[in-house]
Structures are given as C-alpha cells and as structure tokens.
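Residues in the sequence shown are numbered from 1 upward in steps of one, following the numbering used here. Working notes, structure below.
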Amino acid sequence: MPIHHFLDIDALDRKTLRALIDTAAALKAKGRVPKSLKLPSAPVLAMIFEKPSTRTRVSFEVAMHQLGGQSVVLNGQDMQLGRGETVADTARVLSRYVDVIMLRTGPPQTLTELAAHATVPVINGLTCRSHPCQVMADVMTFEERKGPIKGNTVAWLGDANNVAASWVQAAARFGCKLKIACPKAFAPSPELLAWAAEEGAEIEVGDDPMAAASGADCVITDVWVSMGDADERKRNERLRPFQVTAAVMAAAKPDAIFMHCLPAHRGDEVTAEVIDGPQSAVWDEAENRLHVQKAILAWCLGAKLMAPKPVRARRAARAKPARRRRASR
Ligand code: CP
Ligand code: NVA
C-alpha cells in the first residue's frame, strides 16, 4: 500500500478529503474514539517544530493519545537538524523509531524532502506555503455551522498567505467559491491560481474588501505578519484597509460566520467586536483541529475512515431516536 502522506489538500482526491471531514465530524459527535479507529499497536508520532505552535502541537498530541498512541515533540533547533544534519538523514532515522512524522517548517522543500526519504507517513503541520490541517478544520467548522460547503461563498480578506493558499486548494476540492481581497503584492501566486483555474475552481482575486465580503457565507482572515515574514511595519500599513470589521460582516449574509485560524491580533486583521461577537466561530474552529487531527492520523496510520450514515439511516434516526440509540450500544 502506498504511504498515506498528508502534505497538501491538492495532493488528495475529493473522496479522501470528504471521508476525513466526515470522520472528524463523527468523532466529535460520538465524543469518543470507536474501537474501529483505535490504533492497535500504540504507534508513536514525532512532531518537529521549526516554528512556534500552540494549537497544532497540543491538538496533535491529544489526538494521538485519544487514538491510543503517543507522541514525541522535537524542537528543530535542539535536533542535529539544527546543526546541519540533512533532512533526508533525519527522515531515515526517525522512520526507524516512529510510525508517523509531523513537520512545521518554513520552506516547503524541507517538507517534500522529509516525505521523499521517510518510510512512514509525513504530515504538513504548516509551511510558509500552506497549512492544510488548519483548512480541513475550517471546512469542518463551516459545515457544522452551515451545512455542506459546496456552492457556498467564502471571503478571504488580508494577506493571501499559507492558510489562504490551502483555502484555494480547498475551494477546488470541496466546490466552494473563494473571493480574496488583498493588496496586489500579497495575492496568491500565479501558479496556484493557474492550478485552481485548471481544476475548475471558482476563485476571484481583487482589492475591494467590501466587494469580496458582499453576500459571503463566511468571512475569514489571518495575521498580517506570518511567522518568518519580514517588514512588519509595511505589511501592517498596506493590509490595514483589509481589516475585518462589523461593516465588513454587515456586507456578508446576515447568518455569515467569521473564522480565523488563530493566533489573532485584535485591532489589526480583525476587530475585537467581530472575533468576540456572535458570528465568530473561532473557538469551535480551534477545537475542530483536534477532531480533524484524529481523522488525519488514523488515515495516515492505515485505519479505515468512518463513512457518514446513508440518508435513509439518518432519516430513520430522526424518526426513532430512542430506539436507534439503544440499538447502537
Ligand atoms: N492555527 C495554528 O496553527 O495555530 P498554532 O500556530 O498555535 O499551531
Ligand atoms: N499565517 C500564519 C498562520 C499561523 C497558524 C503563520 O504562518 O504564521
């Protein structure tokens, strides 16, 4: 069987991505990991961090624990990697000790090199080019609040950074429309947009935040200065017109939600009124990292993902809730 790496959303087919989201949602609904997803041999996850993290680190560690495995957290600077040992040699050695590796790094080449030389699955925990685990949790959050994302409109305001790039890929795979408003200098790469166009994705890129938010089902943003970005002052100045404010949210649909991968800077990319207001889904979004992480780890480690209940079963469950609950014990 080929190794199940989770490197980017564009590397996976629609069916697998859908199964990952459905499994994450089922795990959340159940409130526990069913036997079918418990990992039999207490596998070990190694996480390498070359950049800081709160959510990714903790959600992966807890996810692994809940699945019946354990994790080792490595700071890139404390490893021989930080003293010049090659990524390839690191991959070969770690593959002899652990069952799956997650990497958070800057250059996407480090991730692809790790995956090329590892004999165990590798997960992208963020590079400066993408953040697929985050956007899987975002899609899950959108769907639990508003139903299937297909055909809906998501507005991205601000820096079209790594998270936005994964959103471009998600728009192509999940069939939603993505309207990006950003200064020209902070737009997605032409290669990524060309790929999205070839995939038939509906992506609009402009520099008018109100036009992007208009009629959107979700407004989303991220920090103006990502980890590793230089020129903080210039970025803050140029991105200020793209702040998500109450006026921006008012341009979206009345039941639109606001999302942000966090950490957030209130008063910069979003006002406190919006992120702490009734349309904000950011805490569910952060929680959903845990459920998505479990689904991704289980898939990487060869478990069969959970299929959503067929429509007929869902109707029956609605008609006879008590009986079905007893029967499923
Ligand atoms: N959203 C996210 O990846 O958060 P951390 O940087 O805290 O992991
Ligand atoms: N774009 C941000 C995301 C942090 C989770 C960064 O790369 O710093």
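Backbone N, C-alpha and C fix where the C-beta goes; we use that ideal spot for every residue, glycine too.
Measure the C-alpha to C-alpha separation of residue i and residue j and round it to an integer number of angstroms.
i, j, result
"residue 220", "residue 135", "11 Å"
"residue 173", "residue 17", "8 Å"
"residue 197", "residue 190", "10 Å"
"residue 324", "residue 21", "Caution applies to residue 324, whose pLDDT of 44 falls short of 50 and renders its modelled position unreliable; the model cannot decide the point."
"residue 306", "residue 234", "47 Å"
"residue 89", "residue 300", "21 Å"
"residue 91", "residue 117", "6 Å"
"residue 282", "residue 45", "27 Å"
"residue 41", "residue 69", "8 Å"
"residue 8", "residue 108", "10 Å"
"residue 35", "residue 43", "15 Å"
"residue 31", "residue 61", "17 Å"
"residue 212", "residue 80", "46 Å"
"residue 144", "residue 85", "44 Å"
"residue 210", "residue 251", "6 Å"
"residue 181", "residue 132", "21 Å"
"residue 165", "residue 129", "7 Å"
"residue 6", "residue 104", "13 Å"
"residue 146", "residue 254", "12 Å"
"residue 140", "residue 232", "32 Å"
Hey, out of the options, whose CA is closest to residue i's CA?
i, options, result
"residue 224", "27, 158, 110 and 98", "158"
"residue 246", "262, 274 and 103", "274"
"residue 176", "165, 203, 185 and 160", "203"
"residue 336", "237, 121 and 131", "Nothing can be reported for residue 336: it is not among the residues displayed for the chain, which extend from 1 to 329."
"residue 106", "53, 98 and 170", "53"
"residue 236", "113, 222 and 127", "222"
"residue 243", "156, 289 and 199", "156"
"residue 63", "97, 83, 102 and 87", "102"
Let's test the definition: count the other Cβ atoms within 10 Å of the Cβ of residue i and tell me whether it reaches 16, buried, or not, exposed.
i, result
"residue 55", "buried"
"residue 162", "buried"
"residue 160", "buried"
"residue 119", "exposed"
Taking the beta strand (DSSP E) that residue i belongs to, which residues open and close that run?
i, result
"residue 202", "202 to 206"
"residue 344", "With the chain running from 1 to 329 in the structure shown, residue 344 is simply not present."
"residue 124", "122 to 124"
"residue 172", "Counting along the chain, residue 172 falls outside any beta strand (DSSP E), though it belongs to the alpha helix (DSSP H) covering 162 to 174."
"residue 157", "153 to 157"
"residue 9", "Premise fails: residue 9 is in no beta strand (DSSP E) and is neither H nor E."
"residue 103", "100 to 104"
So residue i is in the alpha helix (DSSP H); what residue range does that whole segment cover?
i, result
"residue 294", "282 to 300"
"residue 195", "190 to 198"
"residue 65", "55 to 67"
"residue 218", "First-last for residue 218: 218 to 221, but that is the beta strand (DSSP E), not the alpha helix (DSSP H)."
Stretch pair the segment 261 to 271 + the segment 5 to 15: three plus CB contacts closer than 8 Å: no
Sufficient close CB pairs (3 or more, under 8 Å) joining the segment 65 to 81 to the segment 39 to 49: yes
Do the segment 242 to 258 and the segment 204 to 221 make contact, defined as three or more Cβ pairs closer than 8 Å? yes
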